[in-house]
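Numbering (UniProt numbering), first residue to last: 61 to 361.
Down below is the structure, laid out as structure tokens.
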Ligand code: A3P
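See below:
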């Protein structure tokens with residue numbers, strides 16, 4: 061009912077007022093929720109997801125940090141895991157990536173599926189099986205029940221690079237602190253390598269074919285000798301490549317749900333482009349931060 065919805069929204073408003081807050085890069089505020097920075101708009105779907113989501117043993121969960129290759133990993137996982145379901149046959153079925161964006165095929169949970177529906181039917185969202193799910197947050201379940209979104213985000217002029225960089229170094233960025241997220245998964249992958257595969261963008265760029273074989277093995281659908289001979293691995297690498305996806309009409313037009321133009325997900329796709337934007341002082345600060353944060357974790361970049 062409207063009354064129930066209103067009281068839920070009141071609860072959310074109250075929660076927001078109790079959270080640490082900082083000005084965001086493009087949105088007016090970020091809120092520190094369960095140790096991670098999040099915009100007000102996504103607070104509600106995050107909590108809905110934590111409250112209602114039930115995993116299956118067969119689920120494949122993609123977790124990435126924003127701008128670290130989510131789009132690519134979605135395309136690769138989708139194309140590898142489901143390759144038998146849309147292999148080109150006499151009916152000339154086309155690869156779904158030719159007509160849908162990676163974000164339409166593997167939909168974000170909090171940024172899409174749970175955004176306007178606190179308890180969506182994931183069976184109808186995940187057409188192919190087993191389910192591939194990309195939550196943007198993977199945190200502890202929260203008992204707070206919330207219903208409809210009322211918190212909007214005031215868009216603002218982006219802050220300067222200097223300001224944003226400083227915030228980033230302090231951990232204040234969407235889904236930050238980066239190192240807490242990354243190290244959490246790094247350590248978990250070392251403890252449980254069968255269940256958690258840790259991938260680096262740089263490694264994928266360096267040798268996509270062997271990384272794809274590794275991914276397929278991890279997903280439980282290793283490439284057969286025959287597939288390897290027929291060049292299936294290379295075919296997947298090609299259709300998911302930056303050059304291929306970037307030129308597709310479907311990835312050039314329209315906006316993603318949150319209003320971002322789809323083409324923004326395909327900017328340059330090269331390792332190390334940061335060196336064209338950061339000053340030497342910034343690089344020094346970042347390197348020191350990485351040393352401090354990664355310490356002797358064994359994770360290097
Ligand atoms: P750049 O901004 O450095 O170009 P996300 O998908 O998490 O938002 O990450 C975006 C980054 O991945 C962008 O990096 C984008 O260009 C790059 N990217 C997108 N698709 C890619 C692909 N198929 N292969 C390699 N890099 C890709």
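Backbone N, C-alpha and C fix where the C-beta goes; we use that ideal spot for every residue, glycine too.
- Pairwise C-beta distances place the region 286-298 out of contact with the region 102-110, as fewer than three of them are shorter than 8 Å.
- The shortest CA-to-CA distance from residue 194 to any of 138, 290 and 348 is the one to 138.
- Contact check between the region 105-113 and the region 247-265: fewer than three CB pairs, one atom from each, fall below 8 Å, which does not count as touching.
- DSSP lists 90 as the beta-bridge partner residues of residue 82.
- Here the distance from the Cβ of residue 124 to the nearest heavy atom of the ligand A3P is below 7 Å.
- The DSSP-derived three-state label of residue 321 is strand.
- Residue 250 is classed as exposed because its beta carbon has fewer than 16 other beta carbons within 10 Å across all chains shown.
- Spatial neighbours of residue 267 in its own chain (CB-CB distance under 6 Å, excluding positions within 5 residues in sequence) are not present.
- If you keep only unbroken alpha helix (DSSP H) runs of at least 4 residues inside the UniProt domain "Sulfotransferase" (216-357), you get 221-229, 238-251, 261-266, 268-279, 285-289, 292-299, 302-307, 309-312 and 340-354.
- Under DSSP, residue 96 forms a beta bridge with 93.
- Where residue 184 is concerned, the enclosing alpha helix (DSSP H) starts and stops at 182-185.
- In the DSSP assignment, residue 193 forms a beta bridge with 121.
- Between the region 119-136 and the region 235-253 there are three or more inter-stretch CB-CB distances shorter than 8 Å, so the stretches are counted as touching.
- Residue 146 carries a coil assignment under DSSP once its states are collapsed to helix, strand and coil.
- If you draw a straight line from the Cα of residue 129 to the Cα of residue 272, it comes to about 14 Å.
- Distances taken from the Cβ of residue 300 to the heavy atoms of the ligand A3P include one shorter than 7 Å.
- Residue side-chain check: residue 312 keeps its Cβ at 7 Å or more from all non-hydrogen atoms of the ligand A3P.
- Segment contact: the region 170-180 against the region 315-323, three or more CB-CB distances shorter than 8 Å; contact assigned.
- Per the Cβ contact rule, the region 218-232 is in contact with the region 337-348 (3 or more Cβ pairs under 8 Å).
- Inter-residue distance for residue 184 and residue 336 is about 44 Å (C-alpha atoms, whole angstroms).
- Distances between the C-beta of residue 130 and the heavy atoms of the ligand A3P include at least one below 7 Å.
- The distance from the Cβ of residue 326 to that of residue 302 is about 6 Å, consistent with a contact at the 8 Å cut-off.
- By the CB criterion at 8 Å, residue 356 and residue 161 fall outside the cutoff.
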